[in-house]
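> Numbering-wise (the numbering used here), the sequence shown opens with residue 100 and increments by one. One structure coming up, written as structure tokens, with questions to follow.
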Amino acid sequence: MNCIEIIQVIKDIALAGAAITTAIVAYQGLKSWRRELEGKAEFEIARALVLATYKLRDSLKLVRSPWIHGHEFPDDYPLNMSERTPDIEAKAFAHIYTNRWKPVVEALQNFDVQSLEGEALWGSASRDKTNEMRQCARNLQVSIEAFIHNKAENNEDFKSNKEFKKSIEADVWGTESEDNKLTQQINAAVENLEKELRPYLKRS
Numbered sequence: 100m101n102c103i104e105i106i107q108v109i110k111d112i113a114l115a116g117a118a119i120t121t122a123i124v125a126y127q128g129l130k131s132w133r134r135e136l137e138g139k140a141e142f143e144i145a146r147a148l149v150l151a152t153y154k155l156r157d158s159l160k161l162v163r164s165p166w167i168h169g170h171e172f173p174d175d176y177p178l179n180m181s182e183r184t185p186d187i188e189a190k191a192f193a194h195i196y197t198n199r200w201k202p203v204v205e206a207l208q209n210f211d212v213q214s215l216e217g218e219a220l221w222g223s224a225s226r227d228k229t230n231e232m233r234q235c236a237r238n239l240q241v242s243i244e245a246f247i248h249n250k251a252e253n254n255e256d257f258k259s260n261k262e263f264k265k266s267i268e269a270d271v272w273g274t275e276s277e278d279n280k281l282t283q284q285i286n287a288a289v290e291n292l293e294k295e296l297r298p299y300l301k302r303s
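Next up, the structure:
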């Protein structure tokens with residue numbers, strides 16, 4: 100092999116090495132870009148889910164406000180207490196809580212959309228945490244239904260079971276007390292979701 104041939108071989112090897120190096124760098128760059136893209140997607144979904152969680156929490160808090168403004172009652176609600184029959188009372192409170200529940204419906208719809216996005220990325224662990232929050236909303240809905248039914252029955256449901264009365268009213272009229280079971284369940288559900296999502300929120 101003469102000098103020219105040797106130089107050509109060296110040149111070919113150098114070109115091949117450069118091509119391999121370029122391919123490796125490109126592959127590493129693609130992997131880095133993909134990780135960055137995935138991290139950004141996880142951050143955006145985690146952020147949307149935690150905001151949806153806060154919105155749902157706040158809408159549940161508004162429903163549970165013990166203070167009922169006069170304008171929340173139906174227009175035909177009697178001012179004279181003697182004219183308020185059990186049926187009128189039940190319909191009045193059904194009217195109040197139906198209107199209060201509307202923001203919860205909107206918050207739940209958004210929460211469900213974001214929950215599905217999270218489940219698609221993170222699987223059952225995410226679903227379990229969002230189900231805790233969803234169950235809190237369901238528990239409140241059931242208690243409101245029991246509260247209204249008691250009104251229709253002229254308070255007979257509560258008269259016959261004082262513990263039942265205490266439990267339902269604690270759910271419907273929310274307080275921040277440590278003794279309020281539903282409040283603590285909601286706070287725990289929010290905290291569990293925050294813990295689940297916090298690692299993804301730190302990747303921004």
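C-beta: ideal position from N, C-alpha, C; glycine also.
Kindly indicate the opening and closing residues of the alpha helix (DSSP H) around T282.
Taking the sequence shown and counting its residues from 1, one reaches residue 282 at position 183. Taken as a continuous stretch (DSSP letters only), the alpha helix (DSSP H) holding T282 covers K280 to L300.
> Are the stretch 230-243 and the stretch 180-187 touching, with three or more C-beta to C-beta distances below 8 Å?
no
> Using the three-state DSSP reduction, which class does R233 fall into: helix, strand or coil?
Along the sequence shown, one-based indexing puts residue 233 at 134. Correct three-state label for R233: helix.
> Please state the DSSP three-state secondary structure of S276.
Taking the sequence shown and counting its residues from 1, the one referred to as residue 276 is at position 177. If DSSP states are grouped into helix, strand and coil, S276 belongs with coil.
> With a threshold of 16 other CB atoms inside 10 Å of the CB of L161, please say whether the residue is buried or exposed.
One-based indexing of the sequence shown puts residue 161 at position 62. Exposed, by the Cβ-count rule.
> Considering F210, what are the terminal residues of the alpha helix (DSSP H) in which it resides?
Looking up residue 210 in the sequence shown gives position 111. That run of the alpha helix (DSSP H) goes P185 to W221.
> By DSSP, does L129 sit in helix, in strand, or in coil?
The residue given as residue 129 occupies position 30 in the sequence shown. The predicted position of L129 is uncertain, since its pLDDT is 44 and thus under 50; a value taken from the coordinates is nonetheless stated next. Taken through DSSP and simplified to helix, strand or coil, L129 comes out as helix.
> Is E262 near the ligand SAH - that is, is its Cβ less than 7 Å away from at least one heavy atom of it?
Within the structure as shown, the ligand SAH is missing, as the structure has no ligands at all.
> Taking one C-beta from the stretch 245-258 and one from the stretch 277-291 each time, how about it: are there three or more such pairs within less than 8 Å?
Look at the beta carbons and you see the stretch 245-258 not touching the stretch 277-291: under three pairs across the two are nearer than 8 Å.
> Considering only residues of the same chain and omitting the five flanking positions on each side of E188, which have a CB-CB separation below 8 Å?
Position 89 of the sequence shown holds residue 188. Around E188: K250 and A251.
> For Y153, collect the residues of the same chain with a Cβ closer than 8 Å to its Cβ; drop the 5 residues on either side in sequence, then sort them by chain order.
Residue numbering aside, residue 153 sits at position 54 when the sequence shown is read from its first letter. These residues qualify, in order along the chain: V289.
> By the DSSP assignment, the alpha helix (DSSP H) with I305 in it spans what residues?
Here the chain has residues from 100 to 303 only, and residue 305 is not among them.
> Are the CB atoms of Y196 and I267 nearer to each other than 8 Å?
For this step, residue 196 is matched to residue 97 along the sequence shown. For this step, residue 267 is matched to residue 168 along the sequence shown. Going by C-beta atoms, Y196 is not nearer than 8 Å to I267.
> When burial is assigned at 16 or more other CB atoms within 10 Å of the CB, is W166 buried or exposed?
Here the question's residue 166 lines up with position 67 in the sequence shown. By the neighbour-count criterion, in which a residue is buried when 16 or more other Cβ atoms sit within 10 angstroms of its Cβ, W166 is exposed.
> Please report the straight-line C-alpha distance between G217 and R163, rounded to a whole angstrom.
In the sequence shown, the residue the question calls residue 217 occupies position 118. In the sequence shown, the residue the question calls residue 163 occupies position 64. Cα to Cα, G217 sits roughly 28 Å from R163.
> Alpha carbon to alpha carbon, what distance is there between P177 and L159?
Position 60 of the sequence shown holds residue 159. Position 78 of the sequence shown holds residue 177. Spanning the two alpha carbons is a distance of roughly 28 Å.
> Rounded to a whole number of angstroms, what is the C-alpha to C-alpha distance between S225 and Y299?
Position 126 of the sequence shown holds residue 225. Position 200 of the sequence shown holds residue 299. In a straight line, the C-alpha of S225 is about 12 Å away from that of Y299.
> Can you find the residues in the same chain that come closer than 7 Å, C-beta to C-beta, to P185, ignoring five residues on each side of it along the sequence?
Translated into the one-based positions of the sequence shown, residue 185 becomes position 86. Around P185: K250, A251, E252 and N253.
> Using DSSP with H/G/I as helix, E/B as strand and the rest coil, what is F172?
Against the sequence shown, residue 172 aligns to sequence position 73. The answer is coil: DSSP assigns F172 none of H, G, I, E or B.
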